[in-house]
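A.B. asks: For the record, the sequence lines run as chains A and B. Once you know that position 60 of the first sequence is 60 in this note's numbering, the rest is easy, because the numbers rise by one and skip nothing. Just add 191 to wherever you are in the second sequence, counting from 1, and you've got this note's numbering. Dropping a structure here in structure tokens format, bear with me for questions.
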Amino acid sequence: MVRRRGATRSVLCITGILAAAALRGAAGAPDAAASMSAGAAFGVTLLAVAVAAGWRPARPRLAAVALGCAGGGALIGAWLLARGSPSVEIAPINAGLALWTPVVAVVAVAEEIAIRGALFDALRSWCGDGGALVATTLLFAGLHVPLYGVGSLPLDLAAGMLLGGLRIVSGGVLAPALAHLIADLAGGWLL
Amino acid sequence: MVVLASVAALTLVWRLLPAGSPPIYDGQCIADPYAALGGSPAPQAAEKTFPAAGTFPAAEVLTGETPPQAQILMEAGTFDNSTAVTVSIAPVAAPTVKPPNGTIEGNVYRFSARNASGGELEPASPSLAVFIILRGLTSSPAPTIDRFNGTSWTPLSTLNAGCGNTFEVTSTQLGEFAAVRPGGAGGTTPPASGGGVPGVAVIGGLAVLLIIVVAVLFSLDRRRGAAR
């Protein structure tokens, strides 16, 4: 009975997340990845799906914060290692970056709450931690292909696995959300 | 275990990606409006000189917009670097010859490499093809990048490169390149407007689907709460 309910919730969550992503693509055309309004709407719809599926915030734990920061560091560190140079510059602050920062924060946190919060919980009660990890990693990577191209697939598969790992180790969504947020903000702030 | 394996995978993937790849896992891309040749602001050119060396280094040259409207990524050894090599990118007027597969979208860019005496250089071997990345005006329909050899355009196998409608090809020759929107005949394309009745219908349909999903999930959650 619990497994069947988990399966129903999983399918509904996946449908909701895919519909939110498609809505982002349609509303943000011709360049959905750069549309701030479509991004903000995407974040809000993901949060609506997560809350409807029963996700509620838990009390933050220091260990989860530390894990999240370490995960964010790993995501940025892998990029810096590949550049062959540890030196980075901070992007000049302008109105575009000031608007981009809260939007990207909403999108990153909402994705984690929907995918590794509500959906992960539903999948885990259906097919365990392993199935939940695989399914959420594939969904996370697949969601980004229309926005960033097939070239983003290996990177997002690896990043999705790391974020899913943080979800399992920490037992909650805070650690992957922090890691995701740090990595995404670095994409705009660091040159 | 999963975390360690994914960190290793991440490091490996980053090593294999072209040098110019941004640290994007997700999120929102920052994209300025497209700068068209003859418009304001004008599109930028780019040039980089590599001093004489034993081996030409792995390198990138890119224009200054966000994201760059034109980029070239080169592997180590791409050019004969026995003298200094200057790689340049410049927006140029579209040739009068039209591409066979559609209409030019955005600017035509000339990619060139010259040695110290001004001689034109090409990649040293087919295995050292360069990555040419151009920004288009839209991803739907996805444009193809074509190469102009001075007399005709040739469509190249094109991949979506992500942020800001950027697309990439590999090419064993430099020259003039442009994003070409499929269909239509001749000329350059104005920015796509999007929307329209079908767009509104799609958005409306998706919104209704989302409302239904959220409503069913709420009802399941309430039933679950009542059962506890």
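Heads up, the beta-carbon is just placed ideally off N, CA and C, and yes, glycines get one too. Computed from a prediction, not measured in an experiment: that's the story for all the values here.
Leaving out five residues on either side along the sequence, give the residues of the same chain with a beta carbon under 7 Å from the beta carbon of G172 of chain A.
C.D. replies: Cβ within range, chain order: A58, A64.
A.B. asks: Chain E partners of T136 of chain A, CB-CB under 9 Å?
C.D. replies: Considering every chain present, this structure includes no chain E. Its protein chains are A and B.
A.B. asks: Consult DSSP for G43 of chain A and reduce its assignment to one of helix, strand or coil.
C.D. replies: helix
A.B. asks: When you compare only the Cα positions, how much space is there between A175 of chain A and G268 of chain B?
C.D. replies: Roughly 43 Å separates the two Cα atoms.
A.B. asks: Does W55 of chain A come out as helix, strand or coil in the three-state DSSP assignment?
C.D. replies: coil
A.B. asks: What are the boundary residues of the beta strand (DSSP E) that V299 of chain B is part of?
C.D. replies: 293-305
A.B. asks: Any beta carbon from chain A within less than 7 Å of V404 of chain B's own beta carbon?
C.D. replies: yes
A.B. asks: Quick one: residues in its chain with C-beta nearer than 6 Å to the C-beta of P146 of chain A, no 5 flanking neighbours on either side, listed in chain order?
C.D. replies: Residues G25 of the same chain have their beta carbon placed closer than 6 Å to that of P146 of chain A, with the five preceding and five following residues left out of the count.
A.B. asks: What does V371 of chain B reach in chain A if we use C-beta pairs closer than 7 Å?
C.D. replies: Correct list: empty, because the minimum Cβ distance to chain A is about 16 Å.
A.B. asks: Under three-state DSSP, which class holds D31 of chain A?
C.D. replies: In the three-state reduction of the DSSP assignment, D31 of chain A falls in the coil class, being assigned neither a helical nor a strand state.
A.B. asks: So, under 8 Å CB-CB, L119 of chain A and G131 of chain A are touching, yes? Tell me the CB distance rounded to an integer number of Å.
C.D. replies: At roughly 12 Å, the Cβ-Cβ gap does not stay under 8 Å, so L119 of chain A and G131 of chain A are not in contact.
A.B. asks: Taking the alpha carbon of R338 of chain B as the point to measure from, which residue in B:V288, B:P317, B:T329 has its own alpha carbon closest?
C.D. replies: B:V288
A.B. asks: Taking the alpha carbon of G28 of chain A as the reference point, which residue from B:G355, B:I402, B:R413, B:P291 has its own alpha carbon closest?
C.D. replies: B:G355
A.B. asks: What residues in the stretch 192-205 of chain B bring their beta carbon closer than 9 Å to a beta carbon of chain A?
C.D. replies: Only those residues of the stretch 192-205 of chain B whose C-beta falls short of 9 Å from the nearest C-beta of chain A are listed: M192, V193, V194, L195, A196, S197, V198, A199, A200, L201, T202, L203, V204, W205.
A.B. asks: Here's the rule: buried if 16 or more other CB atoms are within 10 angstroms of the residue's CB, otherwise exposed. What is R9 of chain A?
C.D. replies: buried
A.B. asks: Can you find the residues in the same chain that come closer than 7 Å, C-beta to C-beta, to A74 of chain A, ignoring five residues on each side of it along the sequence?
C.D. replies: If we look at A74 of chain A and ignore the five residues flanking it on each side, its Cβ neighbours are L162.
A.B. asks: Which first and last residues belong to the beta strand (DSSP E) in which S279 of chain B is found?
C.D. replies: Counting along the chain, the beta strand (DSSP E) containing S279 of chain B begins and ends at 276-283.
A.B. asks: Given 8 Å as the limit, is there contact between the stretch 251-262 of chain B and the stretch 343-350 of chain B, that is, 3 or more CB pairs closer than that?
C.D. replies: Touching, no, given that fewer than three Cβ pairs across the two stretches are closer than 8 Å.
A.B. asks: Cβ closer than 7 Å: which chain B residues qualify as neighbours of A154 of chain A?
C.D. replies: The amino acid at residue 154 of chain A is misidentified as Ala; the sequence shows Pro. The contacting residues are V204.
A.B. asks: Whole angstroms are fine: how far does the CA of P259 of chain B sit from the CA of I182 of chain A?
C.D. replies: 24 Å
A.B. asks: Rounded to whole angstroms, what's the CA-CA distance from A53 of chain A to G39 of chain A? Just pull it up for me.
C.D. replies: 21 Å
A.B. asks: Could you tell me which chain A residues have their CB closer than 9 Å to the CB of L325 of chain B, listed as they occur along the chain?
C.D. replies: Under the 9 Å cutoff, chain A gives no residues; its nearest Cβ is about 13 Å from L325 of chain B.
A.B. asks: Of all the CB atoms in chain A, is at least one closer than 7 Å to the CB of A267 of chain B?
C.D. replies: no
A.B. asks: 7 Å is my cut-off, CB to CB: does W55 of chain A come that close to chain B?
C.D. replies: no
A.B. asks: Can you find at least 3 beta carbon pairs, one from the stretch 271-282 of chain B and one from the stretch 293-311 of chain B, that sit closer than 8 Å?
C.D. replies: yes
A.B. asks: Just the Cα atoms here: how many angstroms apart are I403 of chain B and A32 of chain A?
C.D. replies: Spanning the two alpha carbons is a distance of roughly 24 Å.
A.B. asks: Could you list which residues in chain B have their beta carbon closer than 7 Å to that of P176 of chain A, in chain order?
C.D. replies: Residues of chain B passing the Cβ test: none, with the nearest at roughly 11 Å.
A.B. asks: Which residues of chain B have a Cβ atom closer than 8 Å to the Cβ of R9 of chain A, listed in chain order?
C.D. replies: L408, L411
A.B. asks: How many Å lie between P236 of chain B and S318 of chain B at the Cα?
C.D. replies: For the sequence presented, residue 236 of chain B should be read as Ala rather than Pro. Spanning the two alpha carbons is a distance of roughly 27 Å.
A.B. asks: Provide the residue span of the alpha helix (DSSP H) that contains P176 of chain A, from first to last.
C.D. replies: 174-189
A.B. asks: Note down the Cα distance separating V103 of chain A from M36 of chain A, rounded to an integer number of angstroms.
C.D. replies: 7 Å
A.B. asks: Would V399 of chain B count as contacting chain A if we go by Cβ distances under 7 Å?
C.D. replies: no
A.B. asks: Which chain A residues sit within Cβ distance under 8 Å of A222 of chain B?
C.D. replies: D31, A33, A34
A.B. asks: Give the secondary structure of D179 of chain B by DSSP, where H, G and I count as helix, E and B as strand, and everything else as coil.
C.D. replies: The requested residue 179 of chain B is not part of the displayed model; chain B covers only 192 to 419.
A.B. asks: For a cutoff of 7 Å on Cβ pairs, would you count V393 of chain B as touching chain A?
C.D. replies: Taking Cβ atoms only, chain A reaches closer than 7 Å to V393 of chain B, which makes this a yes.
A.B. asks: Thinking C-alpha only, which one of B:V198, B:L397, B:V391, B:P373 is nearest P291 of chain B?
C.D. replies: B:P373
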